[in-house]
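Enquirer: Be aware that the sequence shown starts at 1, since it is given in the UniProt record's numbering, and climbs by one per residue. From the three backbone atoms N, C-alpha and C, an ideal C-beta is built for every residue, glycine too.
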Amino acid sequence: MKFLSVDDSATMRKIISLALKGAGHTVEEAENGKMALDALKAGPVDCILLDINMPEMNGIEFLRARKAMPAIANIPVFVLTTQDEDALKQEALSLGAKGFIIKPFQKDTLLAAINSGI
Numbered sequence: 001m002k003f004l005s006v007d008d009s010a011t012m013r014k015i016i017s018l019a020l021k022g023a024g025h026t027v028e029e030a031e032n033g034k035m036a037l038d039a040l041k042a043g044p045v046d047c048i049l050l051d052i053n054m055p056e057m058n059g060i061e062f063l064r065a066r067k068a069m070p071a072i073a074n075i076p077v078f079v080l081t082t083q084d085e086d087a088l089k090q091e092a093l094s095l096g097a098k099g100f101i102i103k104p105f106q107k108d109t110l111l112a113a114i115n116s117g118i
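#1: Hey, could you find the ends of the alpha helix (DSSP H) residue 89 is sitting in?
#2: Does residue 48 pass the burial test, meaning 16 or more other C-beta atoms within 10 Å, or should it be called exposed?
#3: Tell me whether the beta-carbon of residue 51 lies closer than 7 Å to the beta-carbon of residue 7.
#4: Which residues in the same chain have their Cβ closer than 6 Å to the Cβ of residue 2, if we skip the five residues on either side of it in sequence?
#5: What is the DSSP secondary structure of residue 9, counted as helix, strand or coil?
#6: What's the C-alpha gap between residue 4 and residue 58?
#7: By Cβ distance below 6 Å, which residues in the same chain neighbour residue 10 in space, the five residues on each side in sequence not counted?
#8: Could I get the ranges of all uninterrupted alpha helix (DSSP H) runs contained in the segment 4-89, with 4 residues as the minimum, in chain order?
Below, the structure is given as structure tokens:
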């Protein structure tokens, strides 16, 4: 599968990339929601792993933009965040997020969540 990892932290993108590549997946990276939209215009992915707190376009703004774009609206999105707030979860879920993975996480937790939700 091909994933898009969207996070402003280069370290977090590296952790995600290593975990997914180790499981046989391909990973593209973007530093924020705007860059993620640009990456998706260049080619499709099977799943998006999305941080919430990012500059330029945050995760919620990305989910809103994604929902309005039929070409990418059905790509599964998992939110990876340090925030475990019910209001945030409800908003992201209402915008089409498939699930949440709370940072920090273990590689096995990430892979299990993705496998169960796709």
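Expert: This is what the structure holds:
#1: Residue numbering aside, residue 89 sits at position 89 when the sequence shown is read from its first letter. Note, residue 89: alpha helix (DSSP H), 86-94.
#2: The count along the sequence shown starts at 1 and reaches residue 48 at position 48. Its Cβ being crowded by 16 or more others within 10 Å, residue 48 is buried.
#3: For this step, residue 51 is matched to residue 51 along the sequence shown. For this step, residue 7 is matched to residue 7 along the sequence shown. Yes; because the gap between Cβ atoms is below 7 Å, this pair is in contact.
#4: Looking up residue 2 in the sequence shown gives position 2. Cβ neighbours of residue 2 beyond the five flanking positions: 26, 45 and 46.
#5: On the sequence shown, residue 9 is found 9 positions in, with the first residue counted as 1. The answer is coil: DSSP assigns residue 9 none of H, G, I, E or B.
#6: Against the sequence shown, residue 4 aligns to sequence position 4. Against the sequence shown, residue 58 aligns to sequence position 58. Going by the C-alpha atoms only, they are around 15 Å apart.
#7: Locating residue 10 in the sequence shown gives position 10, where the first residue counts as 1. For residue 10, where only same-chain residues beyond five positions count, there are no Cβ hits under 6 Å.
#8: You should have 10-22, 33-42 and 59-67.
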